[in-house]
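Trainee: Here the sequence shown is numbered in this note's numbering, starting from 231 and rising by one per residue. Using N, Cα and C, we set each Cβ at its ideal position, and we do this for glycine too.
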Amino acid sequence: MRVSLMALALGAATVVGTAAYAQGDVIAERRAGLKRMGEHMQAMKAVVDSRGNVQPLAATVDDMIAWYQSMPGRFPPGSDKGDTRALPALFAERANFETINTNMVNQLQVLRAAAASGDAAAFGTAYGQTGQTCGTCHRPYRMRAS
Ligand code: HEC
Numbered sequence: 231m232r233v234s235l236m237a238l239a240l241g242a243a244t245v246v247g248t249a250a251y252a253q254g255d256v257i258a259e260r261r262a263g264l265k266r267m268g269e270h271m272q273a274m275k276a277v278v279d280s281r282g283n284v285q286p287l288a289a290t291v292d293d294m295i296a297w298y299q300s301m302p303g304r305f306p307p308g309s310d311k312g313d314t315r316a317l318p319a320l321f322a323e324r325a326n327f328e329t330i331n332t333n334m335v336n337q338l339q340v341l342r343a344a345a346a347s348g349d350a351a352a353f354g355t356a357y358g359q360t361g362q363t364c365g366t367c368h369r370p371y372r373m374r375a376s
């Protein structure tokens, strides 16, 4: 009896340990992906500022669309704990978070169409709107850097 209880306890510890590891992974992965989104925005800004060719940026925007389509799944319950700047409100106001994220994907579709058309002025306008859309999620749901 004593032995089987011990085995049960060990089994439970293993499960908890695995879950904690997976959670840490989810946070590290989403932060790395969001960092990449920031780098994409910087790279596109350089093209906008230098009035360069926007057409090749369609591929960059494709990576962003794929990322934001995956965003809701990257904030599973419990991933508000750990090395994250996601605010508790994000998890409490899930539907609103997802609505803002859908707006982000829609805005990126506009940006992609502007890139594909090669119209640098239209791209510049859509780029500005894209940056503002990032802010509509960061203001309520991301901790400010200290
Ligand atoms: C729907 C919500 C949402 C949208 C839209 C959004 N972000 Fe964020 N972003 C977050 C949250 C939440 C965090 C904090 C994540 C964490 O620390 O776990 C974050 C973190 C970041 C970070 C810091 C990553 C790191 O190094 O830890 C960068 C950079 C970033 N976002 C860039 C962007 C850019 C650029 C856009 C627009 C193209 C954008 N985000 C749109 C919610 C969003």
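Starting from the C-beta of residue 240, find all residues in its chain whose C-beta is less than 7 Å away, skip the five residues before and the five after it, and write them out in chain order.
Mentor: Residue confidence for residue 240 is low, a pLDDT of 45 falling below 50, so the modelled location carries little weight; the figure read from the coordinates is stated next. Nothing meets the Cβ criterion.
Trainee: Give a yes or no on whether the C-beta atoms belonging to residue 294 and residue 270 are separated by under 8 Å.
Mentor: Contact flag set, yes.
Trainee: Give the DSSP bridge partners of residue 316, in chain order.
Mentor: 372.
Trainee: What span of residues does the alpha helix (DSSP H) with residue 283 cover, start to end?
Mentor: Neither: residue 283 is in no alpha helix (DSSP H) and is coded neither H nor E.
Trainee: Suppose you measure from the CA of residue 292 to the CA of residue 284; what does that come to, to the nearest Å?
Mentor: Cα-Cα distance, rounded: 13 Å.
Trainee: Relative to ligand 1, is the shortest distance from any of its heavy atoms to the C-beta of residue 341 smaller than 7 Å?
Mentor: No, the beta carbon of residue 341 sits no closer than 7 Å to any heavy atom of ligand 1.
Trainee: For residue 295, is the beta carbon positioned less than 7 Å from some heavy atom of ligand 1?
Mentor: Not under cutoff, so the answer is no.
Trainee: Please enumerate, following chain order, all residues with a beta carbon closer than 5 Å to at least one heavy atom belonging to ligand 1.
Mentor: Matched residues: 261, 264, 265, 267, 268, 271, 314, 315, 316, 330, 331, 334, 364, 367, 371, 372.
Trainee: Using a threshold of 8 Å, state whether the C-beta atoms of residue 331 and residue 367 are closer than that.
Mentor: Taking 8 Å as the Cβ cut-off, residue 331 and residue 367 qualify as a contacting pair.
Trainee: Our contact map puts residue 253 next to residue 312 with C-beta atoms below 8 Å; I'd like the distance itself, whole angstroms only.
Mentor: With a Cβ gap of about 6 Å, residue 253 and residue 312 count as contacting.
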